[in-house]
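>
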Amino acid sequence: MSFLDVLKKNKVAGLDIGSFSLKMVELNPKKKGNETSYELVGLGYEPVPYQSIVEGTIMDSTAVVDAMNHIFYESKTKTKKVSFGVSGSSVIVKRIEVQKLTPAEMHEHILWEIRPHIPFNPDEVNLDYQIIESNDIPPDRVGVILTAVKKEKLNEYLNLFSLSDRSASIVDLDSFAILNSVMANYEMYRDKSIAIINIGASITNVVIAKFGVPVFVRDIAFGGNHFTDLIQKELNLKYEKAESVKKGRQVEGVSQAAVKPVLDLILEELKSEVRKTFEFYRSNASDGSIDNILLSGGTANLNQIVDIFSKAFDMPVEIANPFNNIEINSKKFDLEFIKDMAPVFNVAMGLAIRAVGD
Ligand SMILES: Nc1ncnc2c1ncn2[C@@H]1O[C@H](COP(=O)(O)OP(=O)(O)OP(=O)(O)O)[C@@H](O)[C@H]1O
Ligand SMILES: [Mg+2]
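Heads up: the sequence shown runs through residues 8 to 365, numbered per the working numbering.
1. Can you give the Cα-Cα distance for residue 179 and residue 358, rounded to whole angstroms?
2. Could you check what DSSP says for residue 76 in three-state terms: helix, strand or coil?
3. Compare the C-alpha of residue 138 against each of 102, 156, 18 and 172 and name the closest.
4. Within 10 angstroms of its Cβ, does residue 265 collect 16 or more other Cβ (buried), or is it exposed?
5. Note down, one range per segment and in chain order, each beta strand (DSSP E) of at least 3 residues found wholly within the segment 110-152.
6. Quickly, what does DSSP pair residue 99 with across the bridge? List them, please.
7. Use the C-beta contact count for residue 329: other C-beta atoms within 10 angstroms, 16 or more gives buried, fewer gives exposed.
8. Return the residue from the list 105, 157, 243 and 45 that minimises the CA-CA distance to residue 187.
9. Label residue 255 either buried or exposed according to how many other C-beta atoms from any shown protein chain fall within 10 Å of its C-beta, with 16 as the threshold for buried.
10. Could you tell me if the beta carbon of residue 156 falls within a distance shorter than 8 angstroms of some heavy atom in ligand 1?
11. So which of 217, 261 and 92 has the shortest CA-CA distance to residue 300?
12. Pick helix, strand or coil for residue 57, following the three-state DSSP scheme.
13. What did DSSP end up calling residue 106 once you bin it into helix, strand or coil?
14. Please list, in chain order, all residues with a C-beta atom less than 5 angstroms from at least one heavy atom of ligand 2.
15. By the three-class DSSP mapping on this structure, what secondary structure does residue 222 have?
16. So, helix, strand or coil for residue 86, using DSSP?
17. Determine whether the beta carbon atoms of residue 173 and residue 107 lie at a separation below 9 angstroms.
18. Just to confirm, does residue 242 get its C-beta within under 8 angstroms of one of the non-hydrogen atoms of ligand 1?
19. Enumerate, from N- to C-terminal direction, the unbroken alpha helix (DSSP H) stretches of 4 or more residues contained entirely within the segment 224-259.
20. Alpha carbon to alpha carbon, how far is residue 308 from residue 348? Give it in angstroms, no decimals.
21. Can you check which of these residues, 85, 76, 227 and 198, is closest to residue 298 by C-alpha distance?
22. Tell me, please, which residues DSSP counts as bridged to residue 196.
23. Residue 234 to residue 257, Cα distance in whole Å?
24. Just checking my contact of residue 49 with residue 31 at CB under 8 angstroms: how many whole Å lie between their CB atoms?
25. So, residue 94 versus residue 176, is the Cβ gap smaller than 9 angstroms?
26. Please classify residue 13 as buried or exposed, where buried requires at least 16 other C-beta atoms within 10 Å of its C-beta.
27. Give the single residue among 88, 292, 343 and 333 whose Cα lies nearest to the Cα of residue 356.
28. Could you tell me which whole alpha helix (DSSP H) segments of length 4 or greater appear in the segment 256-310?
Now the structure itself:
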């Protein structure tokens with residue numbers, strides 16, 4: 008007899024604090040045998056006022072806190088605890104391999120081994136690591152995924168929560184969140200080498216994973232803003248109009264013929280950044296193969312981006328759908344909205360999954 012079982016009563020919502028918009032996902036986990044499935048119980052989207060967050064730095068905390076309070080109010084989420092993610096230049100992720108020791112010796116050994124891999128002063132960062140055993144690691148060794156986040160960056164975000172009516176309970180990395188989301192939503196990628204590229208407004212997160220564990224992570228300071236900025240400059244438009252033009256909408260006095268070369272130019276730059284990232288990964292990996300690319304984030308909505316990427320990288324490319332495996336009650340949620348906005352919720356979905364699993 009199979010039965011469904013609610014895992015936890017203490018719910019945690021996943022909140023993606025992006026520079027363009029906030030995204031919130033709340034899930035109900037259900038255990039069926041060894042597998043956990045998820046039901047959507049809360050969803051929210053809230054634009055962030057222009058330039059309140061610039062390249063990951065909070066410039067106007069009042070505006071961001073207002074948006075945070077509003078997203079929870081609008082989505083009627085009662086949950087007070089929130090998991091959030093960080094990314095960008097204040098975050099370092101490295102994967103190293105160390106000799107397998109007894110659990111008691113392991114901690115000290117890892118702390119010693121990871122020191123040279125952190126380019127920051129150890130007092131200035133929060134360190135964390137995760138031990139992984141994977142098919143491509145020899146049995147006498149273990150992989151260690153090391154994460155360092157600058158305390159200054161964490162405090163900036165924690166300060167937002169102290170001013171809002173929610174509290175932060177889990178900090179994750181945006182890049183780990185997108186991987187968790189893809190793994191929960193696509194069984195077919197659990198035994199493959201995949202690159203997930205989450206293209207936001209100011210940051211592009213790249214995660215390369217094998218057998219579901221991250222082998223390489225890089226955050227590139229590049230995103231949709233670069234497209235909008237160049238359109239503004241080249242076509243002499245205001246921000247709102249440039250945003251519309253970028254999304255393929257008709258704007259008076261602007262011809263698509265004028266827009267195309269501008270978009271192409273920035274797309275070249277984006278492809279070049281991704282290519283450099285792949286080359287760097289391949290130069291340091293024993294087997295640098297990548298089977299598939301999954302795209303997410305708002306900028307993954309760019310016209311024809313799937314074709315452009317599959318031609319450029321000569322591999323299958325698809326847009327990640329973070330709701331692929333999620334049970335959704337169509338009486339409670341607007342399925343059209345979810346279908347249109349799906350790739351934007353990849354980080355928030357991963358944060359929510361991590362939260363219920365923790
Ligand atoms: N249809 C579309 N075509 C092209 N770009 C789009 C489209 N829809 C949204 N975008 C762009 O996606 C970006 C927002 O994506 P997203 O919500 O993933 O960013 P964010 O998480 O808020 O930002 P970041 O993480 O970089 O701080 C904006 O630059 C926006 O203009
Ligand atoms: Mg983002």
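C-beta atoms are modelled at their ideal positions from N, C-alpha and C, and glycine is treated no differently.
This is what the structure gives:
1. By 1-based counting over the sequence shown, the position of residue 179 is 172. By 1-based counting over the sequence shown, the position of residue 358 is 351. One C-alpha to the other measures close to 7 angstroms.
2. The residue given as residue 76 occupies position 69 in the sequence shown. Residue state, collapsed to three classes: helix.
3. As a first step, residue 138 must be located in the sequence shown, where it is residue number 131. Measuring from the Cα of residue 138, the nearest candidate turns out to be 102.
4. Start at 1 with the first residue of the sequence shown, and residue 265 comes out as number 258. The residue in question, residue 265, is exposed, as its Cβ has fewer than 16 Cβ neighbours within 10 Å.
5. 132-139
6. By one-based count along the sequence shown, residue 99 stands at place 92. Bridge partners of residue 99: 155.
7. As a working mapping, residue 329 is identified with position 322 in the sequence shown. That one is buried.
8. Within the sequence shown, the letter at position 180 stands for residue 187. Residue 45 is the option with its Cα nearest to residue 187.
9. Reading the sequence shown from its first residue, position 248 is the one you call residue 255. By the neighbour-count rule (16 or more Cβ atoms within 10 Å), residue 255 is not buried but exposed.
10. Locating residue 156 in the sequence shown gives position 149, where the first residue counts as 1. Residue 156: no, Cβ never under 8 angstroms from ligand 1.
11. Your numbering for residue 300 matches position 293 in the sequence shown. Comparing Cα-Cα distances from residue 300 to each of 217, 261 and 92, the minimum goes to 217.
12. Mapped onto the sequence shown, residue 57 falls at position 50. It is coil, neither helix nor strand.
13. The sequence position of residue 106 within the sequence shown is 99, counting from 1. Of the three classes helix, strand and coil, the one that applies to residue 106 here is strand, per DSSP.
14. 25 and 207
15. Position 215 of the sequence shown holds residue 222. If DSSP states are grouped into helix, strand and coil, residue 222 belongs with the strands.
16. Taking the first residue of the sequence shown as position 1, residue 86 is located at position 79. Note: residue 86 maps to coil in three-state DSSP.
17. Translated into the one-based positions of the sequence shown, residue 173 becomes position 166. Translated into the one-based positions of the sequence shown, residue 107 becomes position 100. No; because the gap between Cβ atoms is not below 9 angstroms, this pair is not in contact.
18. Within the sequence shown, numbered from 1, the residue matching residue 242 stands at position 235. No, Cβ of residue 242 sits at least 8 angstroms from all heavy atoms of ligand 1.
19. 231-242 and 246-253
20. Indexing the sequence shown from 1 puts residue 348 at position 341. Indexing the sequence shown from 1 puts residue 308 at position 301. Going from the Cα of residue 348 to the Cα of residue 308 covers about 9 angstroms.
21. Translated into positions along the sequence shown, residue 298 becomes position 291. When each option's Cα is compared against that of residue 298, the closest is 198.
22. Residue mapping note: residue 196 aligns to position 189 of the sequence shown, counting from 1. Bridge partners of residue 196: none, in fact.
23. Taking the first residue of the sequence shown as 1, we reach residue 234 at position 227. Taking the first residue of the sequence shown as 1, we reach residue 257 at position 250. In a straight line, the C-alpha of residue 234 is about 17 angstroms away from that of residue 257.
24. As a working note, residue 49 is residue 42 in the sequence shown. As a working note, residue 31 is residue 24 in the sequence shown. Rounded, the Cβ-Cβ distance is 7 angstroms, consistent with contact.
25. One-based indexing of the sequence shown puts residue 94 at position 87. One-based indexing of the sequence shown puts residue 176 at position 169. Result no, Cβ atoms of residue 94 and residue 176 do not sit closer than 9 angstroms.
26. As a working note, residue 13 is residue 6 in the sequence shown. At residue 13 the pLDDT is 38, less than 50, meaning the model places this residue with poor confidence and gives no usable figure here.
27. By 1-based counting over the sequence shown, the position of residue 356 is 349. Comparing Cα positions, the closest option is 333.
28. 263-291
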